[in-house]
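Student:
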Amino acid sequence: MENLSTKDIVKKYGFKFSKSLGQNFLIDDSVLQDIVDNANVNKDDLVIEIGPGVGTLTKELLKKAKKVYAIELDSDLIPILNEELKEFDNFELIHKDALKTDFNELIGTENSTKVVANLPYYVTTPIISKLLKENYKFESLTIMIQKEVGERIAAKPSTKEYGALSILVQYYCDVEIVRKVSSDSFIPRPKVDSIVIKLNKLSEPKVKVKNEELFFKIVRSSFNMRRKTLWNGLKSIGLNKEQLEMAFTNAGIDSKRRGETLSLDEFGKLSDSIYDLQ
Ligand code: SAM
């Protein structure tokens, strides 16, 4: 089997890139290797890849994993992938929108599942939210995303990158930055730089809260108006003035602080004391 590069395959099939599907294919072998090495895939693993493109990353994953499910939305890529990866009997292509896929149906009874992807920029945040919030049984998520989004995910309190996305991801995962990737590593070349990050799913969320839905609602409300105090952000959370004052006192948090200064732990305390007074 000849070893064609990403560019060769694109040329062989006269493939036309779709901007609206976020198609920027990887052409840099060192990045490919770093993704595969850090995903730490072995023969016991089921790998789910989102957006295989022409199969550049998929092929490397197939050599290491027990099985790879690749979820691809673009109909034009389906025959290309089937042809280019036909030598692998551990490959299964799923022609579907990743946002409409039930990952637990794919995972079934597997006990070691790793998600790996060079994600299309336009759906990065919805895919990450879906994967974390829908309670799927995977171990880790090794993903290439836009650099700015990666920095927001890894951000610490009191930085300008810190926000609801940082809290969402850090609530469920330990975040590891693997490497930065220049826009020259893709065809076509995107306007932004990228970053590879690894999210290691925790066995239990980082903080224990009485009501998860309320916790995330409080986080979102606190960051909605970034420069306002917590008091202003949470006025409409459903407590009267005295109760809200009480909630801040019980949590030991000054209501004049801004949301962006609160740690995950502090958001947890505030959420629980609001819950107790509802
Ligand atoms: N993995 C390839 C690589 O590294 O070269 C391609 C990565 S490219 C950034 C993103 C891929 O995701 C494209 O193949 C695109 O067609 C696919 N895609 C876009 N939206 C999708 C969706 N909602 N569900 C599944 N795949 C999607």
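Take the sequence shown: its position 133, counted from the start at 1, is 133 in this note's numbering, and no numbers get skipped.
In this text, a Cβ means the ideal position worked out from N, Cα and C, and glycines have one as well.
Values in this document were obtained by computation on a predicted structure and should not be read as measured data.
Return the chain-ordered list of same chain residues with a C-beta closer than 7 Å to the C-beta of Arg-152, the five sequence neighbours on each side being excluded.
Tutor: Same-chain partners within the cutoff: Glu-161, Gly-163, Leu-165, Ser-166.
Student: Classify Val-115 as buried or exposed, calling it buried when 16 or more other Cβ atoms lie within 10 Å of its own Cβ.
Tutor: Buried, by the Cβ-count rule.
Student: Considering only heavy atoms of ligand 1, does any lie closer than 7 Å to the CB of Gly-233?
Tutor: No; taking the cut-off as 7 Å, the Cβ of Gly-233 has no heavy atom of ligand 1 nearer than that.
Student: Going by beta carbon distance, what residues of the same chain come within less than 7 Å of Arg-189, once the five residues before and after it are set aside?
Tutor: Hits under 7 Å: Ser-183.
Student: Classify Glu-134 as helix, strand or coil using the three-state DSSP reduction.
Tutor: Glu-134 falls in the coil class under three-state DSSP.
Student: Which full runs of the beta strand (DSSP E) of 3+ residues lie inside the stretch 14 to 54, going along the chain?
Tutor: Listed in chain order, they are 46 to 50.
Student: Quick check: is any heavy atom of ligand 1 less than 7 Å from the C-beta of Gly-53?
Tutor: Because some heavy atom of ligand 1 lies under 7 Å away, the Cβ of Gly-53 counts as near it: yes.
Student: For Glu-142, count neighbouring C-beta atoms within 10 Å of its own C-beta (all shown protein chains included) and say buried if the count is 16 or more, exposed if not.
Tutor: Reading off the sequence, residue 142 comes out as Thr, not Glu. Classification for Thr-142: buried.
Student: Please state the DSSP three-state secondary structure of Arg-226.
Tutor: In this structure, Arg-226 counts as coil in the three-state DSSP scheme.
Student: Are Asp-34 and Val-196 closer than 8 Å when you measure CB to CB?
Tutor: Yes, the pair counts as a contact, with Cβ atoms nearer than the cut-off.
Student: Taking buried to mean at least 16 other C-beta atoms within 10 Å of its own C-beta, is Gly-233 buried or exposed?
Tutor: With 16 or more other Cβ atoms within 10 Å, it is buried.
Student: Would you call the stretch 9 to 24 and the stretch 95 to 113 in contact, with 3 or more CB pairs under 8 Å?
Tutor: The answer is no - the stretch 95 to 113 does not touch the stretch 9 to 24, with fewer than three Cβ pairs under 8 Å.
Student: Taking just the CA atoms, how far does Leu-93 sit from Ile-78?
Tutor: When rounded, the distance between both Cα atoms is 8 Å.
Student: Quick one: is Val-192 buried, meaning 16 or more other Cβ sit within 10 Å of its Cβ, or exposed?
Tutor: That one is exposed.
Student: Does the beta-carbon of Thr-6, which I'm using as the reference point, lie nearer than 7 Å to any heavy atom of ligand 1?
Tutor: Thr-6: yes, Cβ under 7 Å from ligand 1.
Student: So, is the C-beta of Glu-92 closer than 8 Å to a C-beta in chain B?
Tutor: Note that chain B does not occur in the displayed structure, where there is just one protein chain.
Student: Just to confirm before moving on: does the CB-CB distance between Ile-187 and Phe-25 stay below 8 Å?
Tutor: Going by C-beta atoms, Ile-187 is nearer than 8 Å to Phe-25.
Student: Can you find a heavy atom of ligand 1 that lies under 7 Å from the Cβ of Pro-188?
Tutor: Not under cutoff, so the answer is no.
Student: Does the Cβ of Gln-146 lie closer than 7 Å to at least one heavy atom of ligand 1?
Tutor: Not under cutoff, so the answer is no.
Student: Quick one: grab the DSSP three-state call for Asp-8.
Tutor: Residue state, collapsed to three classes: helix.
Student: Does at least one heavy atom of ligand 1 sit under 7 Å from the Cβ of Thr-56?
Tutor: True, at least one ligand heavy atom lies under 7 Å from that Cβ.
Student: Quick check on Thr-101: does DSSP put it in helix, strand or coil?
Tutor: Three-state result, Thr-101: coil.
Student: Let me know if Glu-148 comes out buried or exposed under the rule of 16 or more other beta-carbons within 10 Å of its beta-carbon.
Tutor: Exposed, by the Cβ-count rule.
Student: Could you tell me if Asn-82 is buried or exposed, where buried requires 16 or more neighbouring beta carbons within 10 angstroms of its beta carbon?
Tutor: Counting Cβ neighbours within 10 Å, Asn-82 comes out exposed, since fewer than 16 surround it.
Student: Return yes when the Cβ of Lys-64 is within less than 8 Å of the Cβ of Val-31, no when it is not.
Tutor: Contact: no.
Student: From the DSSP output, which residues share a beta bridge with Val-116?
Tutor: Val-116 is bridged to Glu-49, Thr-142.
Student: Kindly list the residues whose CB is nearer than 6 Å to the CB of Val-36, restricted to its own chain and excluding five residues on each side of it in sequence; keep chain order.
Tutor: If we look at Val-36 and ignore the five residues flanking it on each side, its Cβ neighbours are Glu-60.
Student: With distances taken from CA atoms, which of Arg-258, Leu-202, Thr-124 is nearest Gly-22?
Tutor: Among Arg-258, Leu-202, Thr-124, the Cα nearest to that of Gly-22 is on Thr-124.
Student: Quick check on this structure: which residue in Arg-257, Lys-210, Asp-28, Thr-101 has the alpha carbon closest to the alpha carbon of Ile-50?
Tutor: Here the closest residue by C-alpha is Thr-101.
Student: Any heavy atom of ligand 1 closer than 7 Å to the beta-carbon of Ile-9?
Tutor: For ligand 1, not one heavy atom lies less than 7 Å from the Cβ of Ile-9.
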